[in-house]
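These protein sequence lines map, in sequence, to chains A and B.
Count the first sequence with this note's numbering and you get residues 558 to 696, in order.
Count the second sequence with this note's numbering and you get residues 20 to 125, in order.
Note that the Cβ used here is the ideal one computed from N, Cα and C, for glycine as well.
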Amino acid sequence: MEPLTLPASFDSLSPLRQYVVDAARDAGLSKEATYKLKLIIDEIATNIISYGYGESGLLGDITIDGEVIDNKLRITLQDTGAEFDLSKRELPDEDELSKPLEERDVGGLGIFLTMRDVDIFEYKRIGNRNYNIFEMYIK
Amino acid sequence: MAFSATLEETGGDARIFLKGELDAGSAPQFKDAIEQAAAKNPKRLVLFMNELDFMASAGLRILIFAKQKMGQGVDIYVIGSKGPVLNTLEMSGFHRSVYVQDTFTE
Chain A
558 MEPLTLPASF
568 DSLSPLRQYV
578 VDAARDAGLS
588 KEATYKLKLI
598 IDEIATNIIS
608 YGYGESGLLG
618 DITIDGEVID
628 NKLRITLQDT
638 GAEFDLSKRE
648 LPDEDELSKP
658 LEERDVGGLG
668 IFLTMRDVDI
678 FEYKRIGNRN
688 YNIFEMYIK
Chain B
20 MAFSATLEET
30 GGDARIFLKG
40 ELDAGSAPQF
50 KDAIEQAAAK
60 NPKRLVLFMN
70 ELDFMASAGL
80 RILIFAKQKM
90 GQGVDIYVIG
100 SKGPVLNTLE
110 MSGFHRSVYV
120 QDTFTE
């Protein structure tokens, strides 16, 4: 699909999810895998908007691109926010997930929810640009 | 689909009907509804999710906020959540802290 560039704001989350749905439909991804990928892109884009740009005081865009490579749908998010490698983020463990809500820490849930569902994840920083690459097998 | 959170108070219950897609952009609307509900000191918080099509972790954070704001004495019910939304609640262990039910019984 043609890449789509949107401003890094929460208003862009809905069109980013729609892009994933369209790319997944074209690729023939299952309904379940489509929802997972939609959630991943939403969570990671939220992270980029909140931390990569927001807390760093930077402004910019997010570009989404979808392509089928062999038997996989690859979705790439590009941004020029602060450097942030998701795979190095500390995630809530079983102990934290068993706690009652009144004792919960709100951090890391989004990444926890998504990283276990993606088949292949890769992060690259080239120049001032972050590339978050997600691949799902088309079954 | 646009998000909406509609609050109704009945007896000692605060009922919130959630529709559409709950993400970081729409979560503040849900939070507002929780704050309005909390101000009435309900005995129970009942969240109807039958028509909630998508929920990101921003929605989970509002559930944590609701529990911390209303306190342990207020039970939270999640009604009619299905498919991936229910899966998100279960994967994050939230089903252990709220009552998850298919339908609501008074």
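Asked                                                                                                                                                        : Found
What are the residues of the region 97-115 of chain B that lie near chain A, defined by any Cβ-Cβ distance shorter than 8 Å?                                 : 102, 103, 107, 110, 111, 112, 113, 115
Please state whether DSSP places residue 731/A in a helix, a strand or coil.                                                                                 : Outside the modelled stretch of chain A, which goes from 558 to 696, sits residue 731/A, for which no answer is possible.
Where does residue 564/A fall in DSSP's three states?                                                                                                        : strand
Compare the C-beta of residue 599/A with all C-beta atoms of chain B and state if any pair is closer than 9 Å.                                               : yes
Which residues bound the beta strand (DSSP E) around residue 635/A?                                                                                          : 629-636
Step through the CB atoms of chain B and report whether any lies within less than 9 Å of the CB of residue 648/A.                                            : no
Ignoring anything shorter than 4 residues or poking outside the region 44-103 of chain B, list the alpha helix (DSSP H) runs there in chain order.           : 46-57, 76-89
Would you say residue 30/B lies against chain A (beta-carbon separation less than 9 Å)?                                                                      : no
How about residue 595/A: is its C-beta nearer than 9 Å to some C-beta of chain B?                                                                            : yes
Please name the residue, chosen from 593/A, 639/A, 600/A, 581/A, that lies closest to residue 612/A on a Cα-to-Cα basis.                                     : 639/A
Using a Cβ cut-off of 8 Å, pull out every chain B residue sitting near residue 568/A, in sequence order please.                                              : 44
Shorter than 8 Å, the distance from the beta carbon of residue 636/A to the closest heavy atom of the ligand MN, or not?                                     : This structure lacks the ligand MN, and indeed carries no ligand of any kind.
Assuming residue 695/A contacts residue 584/A (C-beta within less than 8 Å), just tell me the rounded distance between them.                                 : 6 Å
Within its chain, find whatever has a CB closer than 6 Å to the CB of residue 623/A; leave out the 5 residues flanking it on each side and keep chain order. : 558, 580, 632
Using the Cα positions of residue 683/A and residue 674/A, report the straight-line distance between them to the nearest angstrom.                           : 26 Å
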